[in-house]
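The next block holds one structure in the form of structure tokens; read it before the comments.
Number of protein chains: 2
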Amino acid sequence: MASRTRPVVSRRERPAKPALTREGIVAAAVGVMQAEGLDRVTMRRLAQELDTGPASLYVYVRNTAELHAAMLEQLLGQVDLSPVTAAGDWRDRLITVLSSYLSILFGQPGLAQSVLVTRPSGPAYLSLAEGILALLSAGGVPPGRAAWAVDLLLHFATSTAAEQGTRHRAADADDEEDALAAALREAPAETFPHIAALGAELLSGAGPDRLTWGFRVLISGITQTPRPEEPEPRENP
Amino acid sequence: MASRTRPVVSRRERPAKPALTREGIVAAAVGVMQAEGLDRVTMRRLAQELDTGPASLYVYVRNTAELHAAMLEQLLGQVDLSPVTAAGDWRDRLITVLSSYLSILFGQPGLAQSVLVTRPSGPAYLSLAEGILALLSAGGVPPGRAAWAVDLLLHFATSTAAEQGTRHRAADADDEEDALAAALREAPAETFPHIAALGAELLSGAGPDRLTWGFRVLISGITQTPRPEEPEPRENP
DNA sequence: ACCTGAACACCGTTCAAGT
DNA sequence: ACCTGAACACCGTTCAAGT
Chain A
1 MASRTRPVVS RRERPAKPAL TREGIVAAAV GVMQAEGLDR VTMRRLAQEL DTGPASLYVY
61 VRNTAELHAA MLEQLLGQVD LSPVTAAGDW RDRLITVLSS YLSILFGQPG LAQSVLVTRP
121 SGPAYLSLAE GILALLSAGG VPPGRAAWAV DLLLHFATST AAEQGTRHRA ADADDEEDAL
181 AAALREAPAE TFPHIAALGA ELLSGAGPDR LTWGFRVLIS GITQTPRPEE PEPRENP
Chain B
1001 MASRTRPVVS RRERPAKPAL TREGIVAAAV GVMQAEGLDR VTMRRLAQEL DTGPASLYVY
1061 VRNTAELHAA MLEQLLGQVD LSPVTAAGDW RDRLITVLSS YLSILFGQPG LAQSVLVTRP
1121 SGPAYLSLAE GILALLSAGG VPPGRAAWAV DLLLHFATST AAEQGTRHRA ADADDEEDAL
1181 AAALREAPAE TFPHIAALGA ELLSGAGPDR LTWGFRVLIS GITQTPRPEE PEPRENP
């Protein structure tokens, strides 16, 4: 359609016409995302990239949500699971694995947000879950509780990424942060005594510090909190 | 424009022409959301509702994100903060307040998702934060740690709602859940020993049970985990 | 069977022009 | 000053028709 002046490609500087397959589509989607951001990964933009019409993509992908999930599956292959079998405190190793997962999501602002809604179920996601279960098991967390814990930990990591996600790319993010900061600073001590007493403390702390603290809170809580109906461990027989 | 057959409104069955103010716009937005869902709350749909063109809204609202934040502020007024000053275990009261916040978000699927990205800073939000800080203080959580904890608790509640949010409204949600269930069930025991061993346990548990357990994990973790550089409490002098 | 042009039914946001 | 018509630059998804 668009007969834009395209350089005469001989050999295959641009691979003649990339085969239209599910893998090809997902790969193209990840490419566009890395180059232009997730909100440019649209069916239409992708179709253009693959030299076809948007309708053609629906042969391989059910909808946009499914496409996002497939993109994450591909990226999840990059999570570093080596700490699972390494030496050291299981808590630290667990935090390292979760941080690796998080850093991938941080790199792709916006993707975490879709992932929060569209749970993936591919092998890469299973491997991540398996790794976390292994670490929880190493830490002596009872299996039934670990089953819930793995969900909780991944949910926390994913939602933290989602929160950061679009925040810093938006130009108004600063305004917004200022609005909250101002609101906290100006909160009248009569109505909001605790907020007023804490003041700047409420916004203190660098992101990574808060994040690591959050992980520690979760891990500590998990070791301490039995699931409902879970048999109490008998430590003093 | 659309001269659709409209019943001749005398008196004011439909208030003549609702004044175009920020409050009016936010109120109309909440109305449309409650009647048709958040994804129908668009600038154009809203303009139609208010008998004007979409451009007019931009006099009062910076963009869609800001509109969403304003909508949440209004809904946040419904959070039941009475447990803050009630009797009983502070943990249970905290969970009750958080559940009240959550139930409001659950009622408006999708809104939580935007809130995760666009933090509100209005008086209703401050009151909620203040209430949680009061409960943490009652529980003996040191102030500096409570400052971080309030964020963690609200983040968990918000992201849980975001996760549920669009999930059950989407028709494919079941397919997706089935996909995950199938993937977990069929996970080969050689590659995924822990997943295979747990089996159905991974998906067990009703939503509310998991949620309450999650809250308990967080609260327990918070009481147990000092912030970096926080002075250790000396219990055995 | 596989693919797709064209259409349907929408979006957010801007800005020049009107009152 | 306040408001807005019209335009710009897009969307996802479907489906009848083509090869």
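Line by line, the protein sequences are chains A and B. For the first sequence, the numbering used here gives the first residue as 1, with consecutive numbering after it. For the second sequence, the numbering used here gives the first residue as 1001, with consecutive numbering after it. Beta carbons: idealized from backbone N, C-alpha and C, even for Gly.
Contact under 8 Å by Cβ, residue i with residue j
{"i": "Leu-1081 (chain B)", "j": "Val-1097 (chain B)", "result": "yes"}
{"i": "His-1194 (chain B)", "j": "Ser-137 (chain A)", "result": "yes"}
{"i": "Val-217 (chain A)", "j": "Ile-1222 (chain B)", "result": "yes"}
{"i": "Pro-1143 (chain B)", "j": "Ala-28 (chain A)", "result": "no"}
{"i": "Ile-104 (chain A)", "j": "Gln-78 (chain A)", "result": "yes"}
{"i": "Leu-50 (chain A)", "j": "Gly-1214 (chain B)", "result": "no"}
{"i": "Val-948 (chain B)", "j": "Leu-1067 (chain B)", "result": "An answer regarding residue 948 (chain B) cannot be provided, because it is not within the stretch 1001 to 1237 covered by chain B."}
{"i": "Leu-1046 (chain B)", "j": "Leu-1057 (chain B)", "result": "yes"}
{"i": "Leu-126 (chain A)", "j": "Ala-1182 (chain B)", "result": "no"}
{"i": "Arg-93 (chain A)", "j": "Val-61 (chain A)", "result": "no"}
{"i": "Arg-1145 (chain B)", "j": "Pro-1226 (chain B)", "result": "yes"}
{"i": "Ser-220 (chain A)", "j": "His-1155 (chain B)", "result": "no"}
{"i": "Ala-1124 (chain B)", "j": "Glu-1073 (chain B)", "result": "yes"}
{"i": "Phe-106 (chain A)", "j": "Glu-1130 (chain B)", "result": "no"}
{"i": "Ser-1121 (chain B)", "j": "Ala-55 (chain A)", "result": "no"}
{"i": "Thr-1052 (chain B)", "j": "Leu-1102 (chain B)", "result": "no"}
{"i": "Gln-1224 (chain B)", "j": "Gln-224 (chain A)", "result": "yes"}
{"i": "Leu-135 (chain A)", "j": "Val-84 (chain A)", "result": "yes"}
Closest Cα partner of residue i within the set the options
{"i": "Ala-1147 (chain B)", "options": "B:Leu-1154, B:Thr-1158, B:Leu-1133, B:Thr-1160", "result": "B:Leu-1133"}
{"i": "Gly-110 (chain A)", "options": "A:Gln-48, A:Ala-55, A:Ala-162, A:Ala-181", "result": "A:Ala-162"}
{"i": "Arg-119 (chain A)", "options": "A:Ala-69, A:Pro-54, A:Thr-191", "result": "A:Ala-69"}
{"i": "Ala-157 (chain A)", "options": "A:Ala-200, A:Glu-130, A:Ala-112, A:Val-59", "result": "A:Ala-112"}
{"i": "Glu-1230 (chain B)", "options": "A:Glu-230, A:Glu-201, A:Val-41, A:Gln-224", "result": "A:Glu-201"}
{"i": "Thr-1212 (chain B)", "options": "A:Arg-185, A:Ala-87, A:Ala-206, A:Pro-228", "result": "A:Pro-228"}
{"i": "Gly-199 (chain A)", "options": "A:Ala-206, A:Gly-205, A:Leu-184", "result": "A:Leu-184"}
{"i": "Gly-1024 (chain B)", "options": "B:Glu-1036, B:Ala-1149, B:Met-1071", "result": "B:Met-1071"}
{"i": "Gly-205 (chain A)", "options": "B:Ser-1114, B:Ala-1149, B:Ala-1087", "result": "B:Ala-1149"}
{"i": "Gln-164 (chain A)", "options": "B:Ser-1114, B:Ala-1086, B:Ala-1087", "result": "B:Ser-1114"}
{"i": "Glu-36 (chain A)", "options": "A:Leu-128, A:Gln-108, A:Ala-87", "result": "A:Gln-108"}
Distance between beta carbons of residue j and residue i, contact taken as under 8 Å
{"i": "Thr-64 (chain A)", "j": "Met-43 (chain A)", "result": "7 Å"}
{"i": "Gly-139 (chain A)", "j": "Arg-91 (chain A)", "result": "7 Å"}
Q | Secondary structure, beta strand (DSSP E): runs of 3+ residues fully inside the region 1117-1190 of chain B | A | Fully enclosed beta strand (DSSP E) runs of 3 or longer: not present.
Q: Could I get the ranges of all uninterrupted alpha helix (DSSP H) runs contained in the region 63-87 of chain A, with 4 residues as the minimum, in chain order?
A: 64-76
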